[in-house]
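Below you'll find the structure, written out as structure tokens, and then a few comments.
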């Protein structure tokens with residue numbers, strides 16, 4: 001199976017102190033460390049596990065600049081066969097639809113049976129997967145938390161439903177799936193792995209190479225524009241339960257039942 | 264042999280002359296043993312390299328101490344003494360065994376130097392030796408069958424018990440002792456009956472008792488006993504010889520080599536591959552131990568040498584709290600695997616992955632590398648290097664628990680496991696009240712400070728542990744040591760990154776720190792974190808000498824340069840908890856205790872498990888990020904041990920111990936009854952607190 005996984009480099013929320021810049025329209029980007037968007041990492045692991053079972057290749061693609069190569073290398077160190085960097089100034093400032101447009105062109109260039117994205121990016125809005133499938137006219141399933149390859153060009157997938165339920169679906173290939181965290185346990189990639197793929201060539205594709213009309217992407221074509229960015233003020237402090245251990249446990253259970261945490 | 268009686272070589276066994284019979288038995292026995300040992304050597308020859316051929320004098324010295332001297336044995340008093348008796352007996356009987364075997368082949372053999380008085384004295388000594396060994400077999404069997412010490416038990420998850428095997432071996436040795444003694448007794452009785460006079464036999468020895476039993480026996484019957492006892496002795500000897508390589512008794516042969524080739528250094532971790540430099544590591548295809556053959560030959564020899572005495576697991580804190588790890592079975596499972604995959608008959612099997620088959624992932628992650636098992640092993644079997652090698656294999660395969668992955672990723676990008684920003688590393692020193700009294704400089708190579716305080720991650724970033732950092736800085740300041748820190752240029756020492764198997768990341772952290780330390784131009788390093796101490800001392804090269812703060816304080820106290828005020832509450836009872844990487848791995852036991860004892864009025868007690876038997880708090884470094892399967896926290900056990908000792912204050916000298924012990928006090932519900940304090944914090948308090956002299960001075964000035 002030929003699988004394309006769309007990945008993205010994001011500021012690592014666990015390892016940064018996210019602060020507003022002085023203009024108040026973005027976060028302070030000095031001193032940030034980046035990593036692969038967590039959902040995307042699960043998607044790559046899932047692709048690798050499918051290929052390990054039934055054969056095929058895994059290609060990872062990202063849109064960005066030189067700095068974004070690092071996430072491709074990390075995923076190649078995980079085991080992806082090929083990384084592709086889509087880089088063109090014309091793409092800067094694209095909104096979700098713009099990104100989907102670019103990726104759609106990428107998908108059409110290859111012969112992918114399966115396209116995976118993360119459910120959402122840590123700094124994104126879970127837009128791209130759905131739009132991409134619509135543009136490609138591929139079937140789409142979101143919040144996928146298990147994949148089983150069936151005979152005859154079909155997949156059996158489960159989707160996460162609110163309240164922890166699962167819904168099983170059959171879906172035709174080729175298709176687009178957005179992958180939920182927890183679908184697997186992504187393998188660890190250390191410095192050694194990254195060093196071993198450091199010499200591998202990563203091809204770059206521009207707007208013209210992809211045949212994307214520069215007018216349909218980029219800041220000019222974006223119809224969703226960020227107006228403001230702010231950190232909400234902290235709410236009221238936590239409630240401290242008082243009493244003996246038994247009383248605290250009773251109160252906690254009552255609270256958890258009341259709030260739907262326990263059935 | 265003594266004149267008049269035919270030796271077994273001259274005797275006939277049915278139609279077969281003894282000479283021929285025993286030559287055949289000897290030939291078969293030796294051939295069989297050689298073949299089995301060669302088979303046992305096969306995996307060792309396929310194993311990884313291991314450089315153990317240096318420092319022959321030191322190694323011989325250790326042989327004298329740990330093999331001949333049985334140094335570790337009395338740590339378990341009763342079993343240890345029994346073992347020493349058996350071992351000494353075997354050593355004494357070795358000459359006799361050799362002479363006896365030759366007797367069946369050549370009738371007139373006397374070991375050179377054993378004629379005359381020396382020979383007679385030896386005869387008496389070895390008769391007692393055989394008697395003692397025989398008695399020890401009885402005692403050991405009673406222990407196994409009746410007393411059943413808990414450490415011999417085999418928990419269900421580790422397969423079936425091996426008690427029957429042990430009893431069988433004890434019985435074989437008992438038969439060997441008895442047959443040898445019976446042979447001698449019958450010979451002596453024969454001699455007496457044939458008018459050769461009553462030979463002197465050591466009173467109350469087995470031969471003496473047997474001869475008394477045989478005194479009325481007829482000559483033909485005695486003759487049968489004589490020949491029969493000899494045959495039984497020879498058969499038992501060769502059977503034992505060939506049977507030993509199949510179980511725990513193999514240590515009789517391997518222990519000598521295992522101890523000679525044992526690891527000499529403490530606190531270190533073996534290189535990824537012996538003989539491969541750091542620069543060449545990128546070319547190494549696979550890291551660590553994944554299949555059995557990835558173990559070094561010495562590690563395989565360890566597996567063969569284990570006597571299954573259970574002392575390692577008896578001391579192992581992970582085992583004690585129900586983590587799925589028992590060092591004993593780490594070895595036993597590997598030995599079983601080796602015997603199965605390198606059978607005596609047939610060809611070696613395919614090398615399967617060890618983790619996932621004989622070992623579980625959690626088993627390998629459960630070890631805190633505290634070293635209690637290694638400290639205990641009478642045969643000097645190593646465990647930490649194997650655990651680290653197995654982890655290296657898992658890391659190489661990407662097989663790392665998620666919680667640890669996050670910490671490793673943060674260490675890679677930020678140089679600390681919390682993902683905090685580098686520039687905040689020195690924030691602990693900027694607390695306002697502290698900064699007013701103690702200005703900690705960040706070294707940039709031009710300050711001319713001779714001492715570097717290496718803080719390390721937990722003390723830099725953990726709110727609670729920052730207090731240890733400030734106390735350490737104040738002490739250094741107070742003793743007039745011009746010192747500074749690396750600040751944002753310091754990264755995690757990587758101590759536990761290495762011990763969790765992430766060698767490449769460790770090397771990056773180490774190289775960064777070495778460069779920063781060298782650029783700082785210091786001549787000494789001080790740290791209050793035993794893990795950093797161990798890393799700087801053993802894992803780093805080309806850095807100035809390093810001391811733990813407890814060593815610095817102890818020296819100042821000894822020199823009379825640091826006076827400590829009397830203890831504030833004389834009712835408090837203090838117990839010192841030895842951090843693994845200060846105590847066992849670096850042998851710093853006395854300095855912290857001496858410092859405590861220098862505080863006037865301080866009552867100190869020892870926990871039952873102290874010094875080299877200290878019980879790990881739960882593990883430091885990345886172990887804080889691991890979620891182990893366990894029934895109880897190690898720290899909780901440790902806090903209870905302190906309470907049992909009658910203490911209400913636990914003093915430690917490690918920020919990780921502090922984390923675990925303070926948590927444990929809460930978990931055990933002992934808040935208010937037990938507190939924990941770091942040695943540096945305590946000393947800092949006792950420096951800051953006005954002593955009687957100062958109080959007096961103040962009163963005087965007040966009165967004036």
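Residue numbers (the working numbering), protein chains in the order written: chain U, 1 to 263; chain Y, 264 to 967.
Where a beta carbon is used, it is the ideal one built from N, C-alpha and C, also for glycine.
Just so it is clear, the structure is predicted and the values come from calculations on it, not from any experiment.
For residue 87 of chain U, which residues from the same chain have a beta carbon less than 6 Å from its beta carbon, with the 5 sequence-adjacent residues on both sides left out? 65, 204
Could you tell me whether the stretch 126-134 of chain U touches the stretch 151-162 of chain U, using the rule of 3 or more Cβ pairs below 8 Å? no
For the beta strand (DSSP E) that contains residue 172 of chain U, what are its first and last residues? 165-172
Listed from N- to C-terminal order along the chain, which residues in the stretch 22-45 of chain U have their beta-carbon within a distance smaller than 7 Å of any beta-carbon of chain Y? 31, 33, 35
Please report the residue range of the beta strand (DSSP E) in which residue 144 of chain U lies. From DSSP, the beta strand (DSSP E) with residue 144 of chain U extends over 140-150.
Go to residue 159 of chain U, then tell me how far its beta strand (DSSP E) extends in each direction, as first and last residue. 154-161
Am I right that residue 722 of chain Y and residue 791 of chain Y are in contact with their C-beta atoms under 8 Å? What's the rounded C-beta distance? 7 Å
Determine, for residue 676 of chain Y, whether the minimum Cβ-Cβ distance to residues of chain U falls below 7 Å. yes
Residues of chain Y with a CB under 8 Å from the CB of residue 195 of chain U: which are they? 545, 767
Every unbroken beta strand (DSSP E) inside the stretch 720-767 of chain Y [3 residues or more]: 746-748
Please classify residue 298 of chain Y as buried or exposed, where buried requires at least 16 other C-beta atoms within 10 Å of its C-beta. exposed
With DSSP as the reference, label residue 25 of chain U as helix, strand or coil. It is coil, neither helix nor strand.
Give the residues of chain U in contact with residue 583 of chain Y, contact being defined as C-beta atoms less than 7 Å apart. By Cβ distance, chain U contributes nothing, its closest Cβ being about 26 Å from residue 583 of chain Y, past 7 Å.
Identify the continuous alpha helix (DSSP H) that holds residue 105 of chain U and give its terminal residues. 96-109
Beta carbon proximity, residue 673 of chain Y to chain U, threshold 7 Å: yes
Any heavy atom of the ligand FAD closer than 6 Å to the CB of residue 38 of chain U? The ligand FAD is absent from the structure shown, which contains no ligand whatsoever.
I'd like to know if residue 106 of chain U contacts chain Y, where contact means its C-beta is closer than 7 Å to some C-beta of that chain. no
Under 7 Å between C-beta atoms of residue 49 of chain U and residue 96 of chain U: no
N- and C-terminal bounds of the beta strand (DSSP E) containing residue 939 of chain Y: 938-941
Would a check of beta-carbon distances place residue 264 of chain U closer than 7 Å to chain Y? Since the first and last residues shown for chain U are 1 and 263, residue 264 of chain U lies out of range.
Cα separation between residue 473 of chain Y and residue 534 of chain Y? 58 Å
For residue 327 of chain U and chain Y, any beta-carbon pair shorter than 7 Å? The requested residue 327 of chain U is not part of the displayed model; chain U covers only 1 to 263.
Starting from residue 717 of chain Y and walking both ways along the beta strand (DSSP E), at which residues does that stretch end? 714-717
Would the stretch 858-868 of chain Y count as touching the stretch 624-641 of chain Y if we require 3 or more Cβ pairs under 8 Å? Segments in contact, no.
Tell me, which residues are paired with residue 36 of chain U by DSSP? U:9
Note down, in chain order, every chain Y residue with its Cβ under 8 Å from the Cβ of residue 135 of chain U. What residue 135 of chain U touches in chain Y: nothing, since even the nearest Cβ is about 34 Å away.
Answer yes or no: do residue 122 of chain U and residue 21 of chain U have a C-beta to C-beta separation smaller than 7 Å? Remark: C-beta atoms of residue 122 of chain U and residue 21 of chain U do not approach each other more closely than 7 Å.
Cα-Cα separation, residue 357 of chain Y to residue 515 of chain Y: Rounded to the nearest angstrom, the two C-alpha atoms are 12 Å apart.
Among U:40, U:19, U:28, U:58, whose alpha-carbon lies nearest the alpha-carbon of residue 1 of chain U? U:58
I'd like to know whether the C-beta of residue 815 of chain Y is nearer than 7 Å to at least one C-beta of chain U. no
Residue closest to residue 651 of chain Y, alpha-carbon to alpha-carbon, out of Y:761, Y:585, Y:741: The shortest CA-to-CA distance from residue 651 of chain Y to any of Y:761, Y:585, Y:741 is the one to Y:761.
Between the Cα of residue 709 of chain Y and the Cα atoms of Y:745, Y:697, Y:509, which residue gives the shortest distance? Y:745
Would you list the one or two residues that DSSP bridges to residue 618 of chain Y? Y:622
Is it the case that the Cβ atoms of residue 72 of chain U and residue 202 of chain U are separated by a distance below 7 Å? yes
Are the CB atoms of residue 492 of chain Y and residue 527 of chain Y nearer to each other than 7 Å? no
Members of the stretch 739-773 of chain Y near chain U, C-beta cut-off 8 Å: 765, 766, 767, 768, 771
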